[in-house]
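82 is the number of the first residue of the sequence shown in our numbering; add one for each residue after it. Built from N, CA and C at the ideal position, the CB exists for glycine as well. These numbers were taken from a predicted model, which means no experiment stands behind them.
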Amino acid sequence: MEEIEAEHTYIVPAALQDPSVIIQELTPEELLGEVYQETEEARDIPNRLAPSDLHSIRAHNLRTCVDLGTKVFKKMRRAFPSLQNLATLHKIQTHIAQLSGIQPELYPPCPDKGCCLLAGVYEGLRDCPYCDAPVYDSKGKPREVFEYFPITPRLDAMFRDPKTAEQLLYRAQYEPTANAIEDIFDSLYYRKLKSRPVTVNEQISPIASLTRIQMLHLVWTQTVFVHSRTGRKRAGPS
């Protein structure tokens with residue numbers, strides 16, 4: 082495997098390096114304390130968006146909900162005169178990214194079999210460490226790029242939406258039912274786990290127990306790259 086100089090910079094997100102960093106930084110108080118003070122203000126967001134913002138949001142939602150392809154989207158603009166002023170798909174996606182405040186971090190994956198992501202210990206390699214497939218083209222650019230959306234701004238955006246924030250409080254507000262199992266949170270095993278210390282990498286976390294984070298349930302998953310028979314080379318976080 083041939084190594085190259087750090088011509089392309091790809092920063093490994095803290096969540097992939099050590100989940101305990103994020104867990105320690107994002108306490109329930111930090112996530113919920115200030116966010117819910119802004120709930121009423123968040124309800125008024127649609128009234129404060131410019132017409133062009135709402136136009137881009139509606140177009141983006143339509144394409145996403147009905148899985149509208151890029152070619153069909155372009156032809157739709159040409160087919161209907163009333164849509165001539167509709168921005169191009171690239172401009173709409175850029176506009177949505179600016180409105181959301183979430184910018185992806187880019188990493189080069191194995192382009193052939195999706196063996197791994199070239200980050201962390203694999204950063205700086207020109208070839209895949211598993212199948213030796215060349216990761217960069219003749220111009221030194223990655224043949225494929227994987228987009229990673231950082232967890233922190235995604236959580237922030239989720240809690241700023243009143244409806245989603247209310248749904249995320251389900252586990253905190255749930256009252257166990259005596260002598261009945263109506264939800265997974267009624268189980269004896271789950272209630273025992275709530276009283277146990279939280280451990281990260283075999284070390285006890287500053288979070289004393291699950292009772293400290295019962296307002297938010299995070300499932301940390303590492304990005305898994307698979308070679309699918311359906312033709313999808315990679316399965317990233319969803």
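Inter-residue Cα distance where the pair is residue i and residue j
i	j	result
Ser276	Arg252	16 Å
Asn282	Ala131	47 Å
Arg45	Phe266	Outside the displayed range of the chain (82 to 319) lies residue 45, so it cannot be described from this structure.
Thr145	Ala259	43 Å
Leu143	Tyr203	39 Å
Phe154	Thr280	49 Å
Ala214	Arg224	10 Å
Lys220	Leu164	39 Å
Arg158	Ser181	25 Å
Glu247	Ala160	41 Å
Residues of its chain near residue i, where Cβ-Cβ distance is below 7 Å and the 5 sequence neighbours each way are ignored
i	result
Phe230	Ile183, Pro185
Top-ranked residue by Cα proximity to residue i, from the options
i	options	result
Asp218	Pro234, Pro189, Gly201	Pro189
Phe227	Cys209, Leu164, Glu247, Leu199	Leu199
Ser133	Lys152, Ile232, Leu167, Val147	Leu167
Gly150	Pro162, Thr169, Leu135	Thr169
Exposed unless 16 or more other CB atoms sit within 10 angstroms - verdict on residue i
i	result
Ser137	buried
Ile262	exposed
Gly195	buried
Ala238	exposed
Val216	buried
Ala140	buried
Ile173	buried
Endpoints, the alpha helix (DSSP H) within which residue i is located
i	result
Tyr217	Run containing Tyr217: none; DSSP gives neither H nor E here.
Phe240	232-241
Thr151	151-160
Ile138	132-146
Gln179	170-181
Neighbourhood of residue i by C-beta distance below 8 Å, restricted to the same chain and skipping five residues each side
i	result
Gly312	Residue placement at Gly312 cannot be trusted, given a pLDDT of 42 that sits under 50; the coordinates are not used to answer.
Tyr211	Cys191, Lys194, Cys196, Cys197
Arg235	Ile183
Ile285	Pro278, Val279
Endpoints, beta strand (DSSP E) assigned at residue i
i	result
Leu187	186-188
Phe227	227-229
Neighbourhood of residue i by C-beta, 6 Å cutoff - its chain only, sequence neighbours within 5 removed
i	result
Ala178	none
His176	Ser137
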